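Participant:
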Amino acid sequence: MNFKDFEAKNIIKYNFNLATACTMKTGGCAKYAFFPTTKEEMAEVILFLKNEKIKCKILGNGSNVIFPDSGYSGAVVLTSGLKELEISENTDSDTVKFYVGAGYSLTSLALKMCKLGFAGLEFAYGIPASVGGAVFMNAGAYGGEMGFVIDSVEYLDESNSVCTLTNDKDKGYFTYRHSFFTDHPEYVILGATLKLCKDESVNPLEIAEKNMQARKDKQPLEYPSCGSAFKRPQGYFAGALIEQAGLKGKGIGGAFVSEKHAGFVVNKGGATTSDVVNLLEYVKNVVFERSGVTLEPEINVIED
Ligand SMILES: Cc1cc2nc3c(=O)[nH]c(=O)nc-3n(C[C@H](O)[C@H](O)[C@H](O)COP(=O)(O)OP(=O)(O)OC[C@H]3O[C@@H](n4cnc5c(N)ncnc54)[C@H](O)[C@@H]3O)c2cc1C
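FYI, in the working numbering the residues of the sequence shown are -9 to 294.
1. Would you say A295 and I140 are within 8 Å of each other, going by their C-beta atoms?
2. Tell whether a beta-carbon distance below 8 Å holds between V86 and F108.
3. Does the stretch 273 to 284 come close enough to the stretch 229 to 242 to have 3 or more Cβ pairs within less than 8 Å?
4. Just checking M127 against ligand 1 - is the residue's beta carbon closer than 7 Å to any of the ligand's heavy atoms?
5. Considering just the uninterrupted stretch of the alpha helix (DSSP H) at D(-5), what are its terminal residues?
6. Counting beta carbon pairs with one atom in the stretch 9 to 23 and one in the stretch 54 to 70, are three or more of them shorter than 8 Å?
7. Going by beta-carbon coordinates alone, are T28 and C216 separated by less than 8 Å?
8. Count the CB pairs spanning the stretch 168 to 185 and the stretch 138 to 154 that are closer than 8 Å, and state whether there are at least three.
9. Could you check what DSSP says for L362 in three-state terms: helix, strand or coil?
10. Who are the Cβ neighbours of I44 in its own chain at under 6 Å, not counting the five residues just before and after it?
11. Within the stretch 67 to 134, note down every full alpha helix (DSSP H) run reaching 4 residues or more, in order along the chain.
12. Determine, using beta carbons only, whether V267 and P223 come nearer to each other than 8 Å.
13. Going by other Cβ atoms of all chains shown within 10 Å of its Cβ, with 16 needed for buried, is C153 buried or exposed?
14. Going by the CB atoms, is the gap between G61 and A92 shorter than 8 Å?
15. Return the first residue and the last residue of the alpha helix (DSSP H) that G370 is part of.
16. Does the beta-carbon distance from L285 to A245 come in below 8 Å?
17. Just the C-alpha distance for Y89 and R280, rounded to the nearest angstrom, thanks.
18. By the 10 Å Cβ neighbour count, where 16 or more other Cβ atoms means buried, how is G253 classified, buried or exposed?
19. Taking all protein chains shown into account, decide if V192 is buried (16 or more other Cβ within 10 angstroms of its Cβ) or exposed.
20. With DSSP run on the structure shown, which of helix, strand or coil describes T263?
21. Between the Cα of L99 and the Cα atoms of S83, D84 and K73, which residue gives the shortest distance?
22. Hey, quick one: how far does the beta strand (DSSP E) through I36 stretch, first residue to last?
23. State yes or no: is the C-beta of G122 nearer than 7 Å to some heavy atom of ligand 1?
24. Please list, in chain order, all residues of the same chain as A33 whose beta carbon is under 7 Å from its beta carbon, the five residues on each side excluded.
25. What are the boundary residues of the beta strand (DSSP E) that I1 is part of?
26. Please report the straight-line C-alpha distance between A230 and P210, rounded to a whole angstrom.
27. S120: buried (16+ other C-beta within 10 angstroms of its C-beta) or exposed?
28. In this structure, how does DSSP classify E233 when only helix, strand and coil are distinguished?
29. The beta strand (DSSP E) with N257 in it runs from where to where?
30. DSSP state of S149, grouped into three classes?
31. How about C46: is its Cβ closer than 7 Å to a heavy atom in ligand 1?
32. Am I right that F57 and I292 are in contact with their C-beta atoms under 8 Å? What's the rounded C-beta distance?
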């Protein structure tokens, strides 16, 4: 394969504006962007980039990632084309196990499964993630997380072989905002097999809608952001520490600590990635001075 082959397949763009693909709406251009539509194409793209020694970053829905304002001199590979969904078992049964592609919208999936009456993904309704990004980050909320519903994950390893990680709770593959894949950022998640159950005592759709309402009430969804800017430090809430440090509304350039939810850094217009990074650093320092607690950013800050 060469650039011309990818052009012929219409799965490559040059000088791709990353701000359009990231929910913070910041960042410069990526030299190359690839849009594989099948797992086989994904493997071809990754192999090509390895052979050409072009560095690459996998991009799901861009809801937890910011790129440099000066751009990214390698390739971003978007998973949005990997949308396979196979619900093979009879949905009348009490459990369902199904494969879902990395590019599938987590919120759409959660809503679909809740409507079918399956519990387990209620927490995910409203998280603007791709399934792959949610697996990578072990996304979670309202007492749920991806690790609770993952049966196995299909991925490409460093030699481009298709591998399966079977979720073994004892091995700690999925812990708070950490996964086997955050330890192996060179791997490419192709899709995951999830396992959900019916539970007559709960109405998953009702819970999901309640969670969504809580998001609308508490989160500054009117502004671009990456959700919670910092991980929850053990024994504390990042938002509360930031608020107690007097930082609600603090801004650098176009990036602000949200007035509505101090755990969010929002782009109020014209923010750059540098503004966001400088604000994260400032908040981290002030919170440490005031409370002695070290905040760790949850946002993936990509360097070129
Ligand atoms: C309004 C808002 C609310 C949010 N609420 C929550 C919440 O409640 N809980 C929560 O946990 N998060 C939340 N987030 C953060 C974010 O949605 C999650 O971290 C999510 O898991 C990121 O998924 P993504 O597809 O957008 O990943 P991206 O941002 O595209 O990527 C994140 C990281 O995952 C890697 N990655 C993505 N896909 C793959 C793949 N297929 N293979 C290998 N690596 C991959 C990327 O390289 C990057 O390092 C919120 C964000 C916003 C904007």
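Note that the Cβ used here is the ideal one computed from N, Cα and C, for glycine as well. The structure displayed is predicted, hence computed values, not measured ones.
Facilitator: So, from the data block:
1. Here the chain comprises residues numbered -9 to 294, so residue 295 is not present and cannot be evaluated.
2. yes
3. yes
4. yes
5. F(-7) to A(-2)
6. yes
7. no
8. yes
9. Because the chain is modelled from -9 through 294, residue 362 falls outside the range shown and cannot be assessed.
10. G64 and A65
11. 96 to 105 and 121 to 127
12. no
13. exposed
14. no
15. Given a span of -9 to 294 for the chain in the structure shown, any question on residue 370 remains unanswerable.
16. no
17. 47 Å
18. buried
19. exposed
20. helix
21. K73
22. Segment K29 to N41 is the alpha helix (DSSP H) holding I36; no beta strand (DSSP E) there.
23. yes
24. L146 and N150
25. No beta strand (DSSP E) holds I1; DSSP gives it neither H nor E.
26. 16 Å
27. buried
28. helix
29. F254 to N257
30. coil
31. no
32. 5 Å
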